[in-house]
Amino acid sequence: MEVYRYRLQFEDYLFYATTERGKVFETGWFIHNYALTYALGLAVCEYRHSSQKPRYREQLSPVNQAGLYFTPATVLPVTRYRITQFNTMGETFGLGREKSSGYPTWGYAKLFRPRRQGRVIENQGKAISPDNATGYLICRDSLSQGVNDLRDTYKNEQLNLFPTQYLRLGKFTAKVKMSLTLAQSVTIVQQTRSLTGLLNWADLANKPQRFDLIASALPTRLIESAYFTPACALIQAEFSQEPTRVYLPTDMAYLGES
Numbered sequence: 005m006e007v008y009r010y011r012l013q014f015e016d017y018l019f020y021a022t023t024e025r026g027k028v029f030e031t032g033w034f035i036h037n038y039a040l041t042y043a044l045g046l047a048v049c050e051y052r053h054s055s056q057k058p059r060y061r062e063q064l065s066p067v068n069q070a071g072l073y074f075t076p077a078t079v080l081p082v083t084r085y086r087i088t089q090f091n092t093m094g095e096t097f098g099l100g101r102e103k104s105s106g107y108p109t110w111g112y113a114k115l116f117r118p119r120r121q122g123r124v125i126e127n128q129g130k131a132i133s134p135d136n137a138t139g140y141l142i143c144r145d146s147l148s149q150g151v152n153d154l155r156d157t158y159k160n161e162q163l164n165l166f167p168t169q170y171l172r173l174g175k176f177t178a179k180v181k182m183s184l185t186l187a188q189s190v191t192i193v194q195q196t197r198s199l200t201g202l203l204n205w206a207d208l209a210n211k212p213q214r215f216d217l218i219a220s221a222l223p224t225r226l227i228e229s230a231y232f233t234p235a236c237a238l239i240q241a242e243f244s245q246e247p248t249r250v251y252l253p254t255d256m257a258y259l260g261e262s
């Protein structure tokens, strides 16, 4: 088994319509793992859809069979929001002349700001990483084996996951830089503890007894501060130059597939 920590750096304004209140659209404080999996090309869908019915189970099943799983990304406190306004007046192709309202009808979008190039953020004299969000990639065997299995399934020799690569996320296809760091040691332990980071409720075969629910997380519910009791099997991962150990559930898969 291999475990990677992935880091996301926003190179552009990132926007998801997580919450819609009238003409106010807000981006939630997370990156859903399904959105990330599709953006990386690991789950494949048709370019044109005849209906709006999702097919997550069918399209994410090959990723489960390849033994790859991304956890949702937690947006870090150094990330900042920006509120922009846009005109929501309707457009018509009719030739009739209508009475002008005299003013535009503004809508507002709350989105993530990109990191500033060359900017050094300091906290008590220490430089802070310019990363905007972070999460974990769990590989049942190895990353190379999982990617090779997906290449064979999709018959796509161009499919790959690199230590550093760029992808597009959000409604405006914002440019995002992703970096992967391999854990130096991975072991399975039996413990009762509270886990840090975000988890996808639908992807857990063993549900936690206590947790905090993330509001407006779609298409599936996200949770944090999950507490598992009694003792259950957990992945314990250690990363170089990081004193804190990471604990993750062992039984995670897209939509809970075994």
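When we follow the working numbering, the leftmost residue of the sequence shown carries the number 5, and every step to the right adds one. Just so you know, even glycine gets a beta-carbon here, dropped at the ideal spot from N, CA and C. Small disclaimer: the values here were computed from a predicted structure and weren't measured.
According to DSSP, what are the bridge partners of R197? F232.
Starting from V67, trace the alpha helix (DSSP H) in both directions and tell me its first and last residue. Looking at the DSSP string, the run of the alpha helix (DSSP H) that includes V67 is Y60 to Q69.
Sequence-distant residues of the same chain with beta carbon closer than 6 Å to L238, five excluded per side: V193, Q195 and Y251
State the Cα-Cα distance for the pair Y231 and F74, rounded to the nearest angstrom. Inter-residue distance for Y231 and F74 is about 20 Å (C-alpha atoms, whole angstroms).
Would you report the Cα separation of L186 and Y51, rounded to the nearest angstrom? 33 Å
List the endpoints of the continuous alpha helix (DSSP H) containing L44. Note, L44: premise wrong, no alpha helix (DSSP H); not H, not E.
Would you mind working out which of M256, F29 and F34 sits nearest T138, comparing C-alpha positions? F34
As assigned by DSSP and simplified to three states, the class of T138: strand
Run through the DSSP bridge pairs and tell me what R86 is partnered with. Per DSSP, the beta-bridge partners of R86 are L115.
Tell me whether N91 sits in a helix, a strand or coil according to DSSP, three-state version. strand
Determine the burial state of P167: buried for a count of at least 16 other Cβ atoms within 10 Å of its Cβ, exposed for fewer. exposed
Identify, in the order they occur along the chain, each residue of the same chain with its Cβ nearer than 6 Å to the Cβ of R59, setting aside the five sequence neighbours on each side. none
How would you call V28, buried or exposed, if buried means at least 16 neighbouring beta carbons within 10 angstroms? exposed
Is the distance from the Cβ of F116 to the Cβ of L226 below 7 Å? In this structure, L226 does not lie closer than 7 Å to F116 by Cβ.
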